[in-house]
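Convert by adding 28 to the 1-based position in the sequence shown; the result is the number in this note's numbering.
For each residue, glycine too, the CB sits at the ideal point set by N, CA and C.
What you are looking at is a predicted structure, and each value in this text was computed from that prediction instead of being measured.
Data first, discussion second: the structure below is written as structure tokens.
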Amino acid sequence: MTDTSPPPPSTPGNLDYRVAHLADHLASGELGELGVRLELRGDVVLLTGTVPSTQCRDDILRMAREELAGHPVHSDLLIAGTSSPDHGEDLT
29 MTDTSPPPPS TPGNLDYRVA HLADHLASGE LGELGVRLEL RGDVVLLTGT
79 VPSTQCRDDI LRMAREELAG HPVHSDLLIA GTSSPDHGED LT
């Protein structure tokens, strides 16, 4: 009989799968974040990109830490500036 159980969490192929699953979840979920990129650097996952709010960033980080439990997650996510300009643009 062949063992068909998934590989243990520390297996690199399994981490690749988990990262791809998280990327799909981010793109198709309620956040719809297509601007967030996930990169594997050894066993560390790096999230980069720009998100619209701190709440969105926090939600993405929470999902990443849940999905990738047992692996370090680093974030270089930037918050888009959504405040009104404090002065007019000089076009001269």
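- Bounds of the beta strand (DSSP E) holding Glu67 are Arg65 to Arg69.
- The beta carbon of Asp71 sits closer than 6 angstroms to those of His99, all from its chain and outside the five residues before and after it, given in chain order.
- Cβ-Cβ distances below 6 angstroms link Arg93 to Val101 in the same chain, with the five nearest sequence neighbours on each side left out; the list follows chain order.
- Glu117 and Gly109 have their C-alpha atoms some 16 angstroms from each other.
- For Thr76, the uninterrupted beta strand (DSSP E) run begins and ends at Val72 to Val79, by DSSP.
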